[in-house]
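The sequence shown begins at 1 in my numbering and counts up by one. Where is the CB? At the ideal position from N, CA and C, for every residue including glycine.
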Amino acid sequence: ARVEVHSASGVRIRDVRSGEGFEFMSTLNTHVGLGTDSSIEKIVIYWPSGTIDTIMNPNTKTTHVVVEGSSLSIADEALTDLIIFPNPTASVINFESQNDLSDMIVTIFDTQGKRVFNEKLKSLTIDVTALSSGPYILRLESDGKTTIRKFIKQ
1 ARVEVHSASG
11 VRIRDVRSGE
21 GFEFMSTLNT
31 HVGLGTDSSI
41 EKIVIYWPSG
51 TIDTIMNPNT
61 KTTHVVVEGS
71 SLSIADEALT
81 DLIIFPNPTA
91 SVINFESQND
101 LSDMIVTIFD
111 TQGKRVFNEK
121 LKSLTIDVTA
131 LSSGPYILRL
141 ESDGKTTIRK
151 FIKQ
């Protein structure tokens, strides 16, 4: 994949490959220094499949886990009033919103970007007891709109 980081001073490009030769595996982690810039306008990822993901106004000084086809930006936020609780949780996540959540698809990713849960929301509670302890990214999707929340499984 090709990763472009756009900031006030220009565009930084990194190419990410899984390997450089026979029996050699490269890290898929990509580090991009910002120099004197304090913010990022956007990150654009060009995947080998042809998919292009754009993340607008991402936080700096942090790690971003990107899964092909699931980029997010503030403009994509579908449910700005969505609350998930309790967080941290040991067993369930409850959803609260003024909006109808019945058609939402819930996907949970671990910090490596691996999808560990994916199903249509049947009630305002999902069971996460099968997940290992640690941080997770929860994605809700409906009608082409995406909402992201982070939670910690105890």
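Chain-order list of residues whose beta-carbon lies under 7 Å from that of residue i (same chain, five-residue window excluded)
| i | result |
| --- | --- |
| Val-92 | Thr-125, Ile-126, Asp-127 and Val-128 |
| Asp-37 | Ser-7, Ala-8 and Ser-9 |
DSSP state of residue i mapped onto helix, strand, coil
| i | result |
| --- | --- |
| Glu-68 | coil |
| Pro-135 | strand |
| Asp-127 | strand |
| Asp-204 | The chain is shown from 1 up to 154; residue 204 falls before or after that span and cannot be answered. |
| His-6 | strand |
| Lys-153 | strand |
| Ser-102 | coil |
| Ser-49 | coil |
8 Å Cβ shell around residue i - same chain, five flanking residues per side excluded
| i | result |
| --- | --- |
| Gly-134 | Asp-110, Thr-111, Ile-152 and Lys-153 |
| Asn-118 | Ile-105, Val-106, Thr-107 and Ile-108 |
| Val-65 | Phe-109, Thr-111, Gln-112, Gly-113 and Ile-137 |
Whole-number beta carbon distance between residue j and residue i, since they are thought to touch under 8 Å
| i | j | result |
| --- | --- | --- |
| Val-11 | Val-3 | 10 Å between Cβ atoms; not a contact. |
| Leu-79 | Ser-97 | 5 Å |
| Gly-33 | Ser-9 | Rounded, the Cβ-Cβ distance is 11 Å, inconsistent with contact. |
Residues near residue i in its chain [Cβ-Cβ closer than 6 Å; skip 5 each side]
| i | result |
| --- | --- |
| Trp-47 | Ala-1 and Glu-68 |
| Ala-90 | Gln-154 |
| Leu-121 | Leu-101, Met-104 and Val-106 |
| Val-44 | Glu-4 and Thr-54 |
Per DSSP, the bridge partner or partners of residue i
| i | result |
| --- | --- |
| Met-56 | Lys-42 |
| Asn-118 | Thr-107 |
| Ser-142 | Lys-145 |
| Thr-89 | Lys-153 |
| Asn-94 | Phe-85 and Thr-125 |
Any non-hydrogen atom of the ligand NAP within 7 Å of residue i CB
| i | result |
| --- | --- |
| Val-66 | This structure lacks the ligand NAP, and indeed carries no ligand of any kind. |
Where residue i falls, given that 16 or more other Cβ within 10 Å makes a residue buried
| i | result |
| --- | --- |
| Leu-28 | exposed |
| Thr-146 | buried |
| Phe-95 | buried |
| Asp-81 | exposed |
| Asp-15 | exposed |
| Arg-115 | exposed |
Chain D within 8 Å of residue i, Cβ atoms only
| i | result |
| --- | --- |
| Asp-100 | No chain D is present in this structure, which holds just one protein chain. |
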